[in-house]
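One point on numbering: in full-length UniProt numbering, the residue at position 393 of the sequence shown is 393, and numbering is uninterrupted. Glycine included, C-beta positions come from ideal geometry on N, C-alpha and C. Here's the structure, in structure tokens; my notes come after.
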Amino acid sequence: MKYIKKHKEVFLLVLITSFVMIWMMSDPHLLGHDTKFHLANIENLKNSISWNNLFPVDAIVSNLSFDMGYGLYLFYPIMPHLLVAYLAKFLSLFLIDTYTTLSIFYVLISIGSVLLIYQLSKKLSGNRLIAFFSGLIFLLIPYRIGTMTVRGSLNESMISLFVPMILLSILAWKEKNWKQFYIFFVVGWIGLIWSHMTMALYTFIFALPFLYYIRNDLKNKIALKRGILAVLIVTVVVIPGIVQTFSQDGYLVFYDGYMTRLSLLQENFLSWKDYLFMKSNYDWTVPYFIPIALILALGVSLFTYLKSKNKDTYLNILWIWIPVFIFMMSPCFPWEILPKFLWMIQFPWRLLGLLSIVIVLLAPLMLQNKKLNKLFFLFLLVLLIQAIPFLQMLKNRPYRINTIHIDDGRGNIVEYYPEEYLEYQSFFEIEDQSISIVSGQAEVQILSNQTHDMRIKVETEDVTTLELPKIYYNGYVIEDDNNQRTKAVRSKHGRVEVTISRSGTYHIYYRDLPIVTALKRVRLVVGMGLLLYFAITLWKNI
């Protein structure tokens, strides 16, 4: 009881968050627009987990696109799907289905993110009451809840978990609390990159001003070495996946005008009305509005902060973020002058995920002036009253999913197909698993055919080119019965094409590119080295 009394704000936040989110997720078949994509891949991974395959991580996914080998995880971070798949596999022992498991996972994400906001706010304000209200308000932020319930965007919902960790790591660095710094920095950045690479890029850009905040500490050699070590750990862990992604060329996800198109950015801006007014219903579009009571509280906090003589560089940066985010989400922002890789954000309103975190940290700071306590509680009361009909509306969502179709795991716009899909769609959506002879003459027999692994026997007297029923990704090779390996090429239809000059048995399969394999080995060595170091350190301290 003493422990609970000492940490009553934490326990209260856990209880309130659990109640609100369990109520919101009470019908697990109503989980938002993107849920069918996530459920399909979670179910697919769950079915792959076994004692013989405890870590079913494969960039080329089975059971999609007639099992021709869809390279989903060459581009899309697997971590959130994999975490839910493990949880689903465990909970299936208690007859809990994947729908309910995903709902439970959203509840856990909510609890974790609310507690991290509480911790971050407590560090910034030095006040547990302010921190409690920051956590409570973050729980009720429309964009945060809408990301889960309206869009059903699993990976994007992880942003609310990892960005606060990154912000906490900066404070831990300043405090020379190296244990916390390593945990928050390493877990925060790896988790964010493995959840949503585009938003990780934007978070990195907006985090750069904090170098000014820690500028004096950078002169400290010990602190600098610790910082470099943390950066190296993150880099070694994430770089194989990044190299693997950008070694692929000619896919719809990168195709100019498909996902990265200027019109998409310009059409999805926010006007002042979007911030102020709640819609009568939501389809797939996440709620943009910020409760008016919260906007007023933020305004009062800004006024009191400007009058304060004790200004903090960390808070200054957070205050500056607000107009920057709003400008970037406005119709006036000149997206055309930015590099096209920044267009991958697609929807400028995605920055609401970062803006929401900043707002809930800053708005309750008006409580530092005790004369404003009554005004703040009035704002809070209005916010809570407005939250009830809003949450009830979101609870009654239009998308009902009663059946998991594995092929929905390709994505809503099948963006991980080769560009040839635009012209030769039928070649990717056909059950025919036969091999086409492009040139020459041969008799071809399929000995085995798995997702990205095929063995064939060829009888030919001439040079023969074959097109296989496999989607091409950079990494496919062909190996003859003498173990001579050559690279497969891309056919005009975007499928795997091989040229054979003599009769024999051939093995065509996908493997990591040599550079990716080397980087993964470095990651393994570094990981083992770190585990050994921590084990020795722990042993010495016992």
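Taking all protein chains shown into account, decide if residue i is buried (16 or more other Cβ within 10 angstroms of its Cβ) or exposed.
i	result
residue 606	One cannot answer for residue 606 here, as it falls past the ends of the chain, which runs 1 to 542.
Tyr99	buried
Arg521	exposed
Phe277	exposed
His405	exposed
Gln484	exposed
residue 601	Nothing can be reported for residue 601: it is not among the residues displayed for the chain, which extend from 1 to 542.
Ile320	exposed
Gly299	exposed
Leu447	exposed
Asp408	buried
His7	exposed
Trp189	buried
Ile385	exposed
Ile334	Just to set this straight, residue 334 is Pro in the shown sequence, not Ile. Per the 10 Å Cβ criterion, exposed.
Ser271	exposed
Pro339	exposed
Gly257	exposed
Does the distance from the C-beta atom of residue i to that of residue j stay below 8 angstroms?
i	j	result
Glu336	Leu264	no
Glu420	His493	yes
Val186	Ile233	yes
Leu79	Ser195	A quick correction: the sequence has Met, not Leu, at residue 79. Closer than 8 angstroms, so yes.
Leu201	Ile166	no
Leu45	Leu82	yes
Leu348	Met329	Per the sequence shown, residue 348 should be read as Pro rather than Leu. Taking 8 angstroms as the Cβ cut-off, Pro348 and Met329 qualify as a contacting pair.
Ser301	Leu362	yes
Ile508	Ala535	no
Asn474	Leu531	no
Lys123	Leu168	yes
residue 559	Ile357	Examination of residue 559 is not possible in this model, given that the chain is present from 1 through 542 alone.
Phe105	Val84	yes
Phe132	Tyr118	yes
Pro364	Ile515	no
Ile345	Thr198	yes
Tyr213	Tyr305	no
Trp173	Gly126	no
Leu383	Pro240	no
Leu139	Thr17	yes
Leu39	Arg400	no
Val463	Ser436	no
Any heavy atom of the ligand SAH closer than 7 angstroms to the CB of residue i?
i	result
Leu381	With respect to the ligand SAH, the structure shown offers nothing to examine, as it has no ligands at all.
What would DSSP say about residue i, mapped onto helix, strand or coil?
i	result
Met328	helix
Ser65	coil
Glu175	helix
Asp462	coil
Thr451	coil
Ile401	coil
Tyr143	helix
Glu443	strand
Arg523	helix
Gly504	strand
Leu30	coil
Ser436	strand
Ser125	helix
Glu467	strand
Val414	coil
Glu497	strand
Glu479	strand
Asn44	helix
Tyr99	helix
Lys36	helix
Ser491	coil
Asn53	strand
Tyr510	strand
Ile536	helix
Tyr182	helix
Ile357	helix
Answer yes if the stretch 345-352 comes into contact with the stretch 392-409, meaning at least three C-beta pairs across the two stretches below 8 angstroms, and no otherwise.
-> no
Stretch pair the stretch 26-46 + the stretch 148-159: three plus CB contacts closer than 8 angstroms | yes
Report yes or no: do the stretch 314-329 and the stretch 238-255 share at least 3 C-beta pairs separated by less than 8 angstroms?
-> no
Ordered list of alpha helix (DSSP H) runs contained in the stretch 1-28, each at least 4 residues | 2-6 and 8-24
Answer yes if the stretch 107-118 comes into contact with the stretch 448-463, meaning at least three C-beta pairs across the two stretches below 8 angstroms, and no otherwise.
-> no
Is the number of C-beta pairs between the stretch 404-420 and the stretch 474-494 that are closer than 8 angstroms three or more?
-> yes
Counting Cβ pairs closer than 8 angstroms, one from the stretch 55-74 and one from the stretch 460-480, do we hit at least three?
-> yes
Counting Cβ pairs, one atom from each stretch, are 3 or more of them under 8 angstroms apart for the stretch 112-132 and the stretch 86-96?
-> no
Would you list, in sequence order, the uninterrupted alpha helix (DSSP H) runs of no fewer than 4 residues that lie entirely inside the stretch 263-348?
-> 272-276, 292-307 and 313-328
Between the stretch 222-236 and the stretch 175-183, do at least 3 Cβ pairs fall closer than 8 angstroms?
-> yes
Minimum length 4: unbroken alpha helix (DSSP H) runs contained in the stretch 197-258 = 197-207, 210-213 and 221-246
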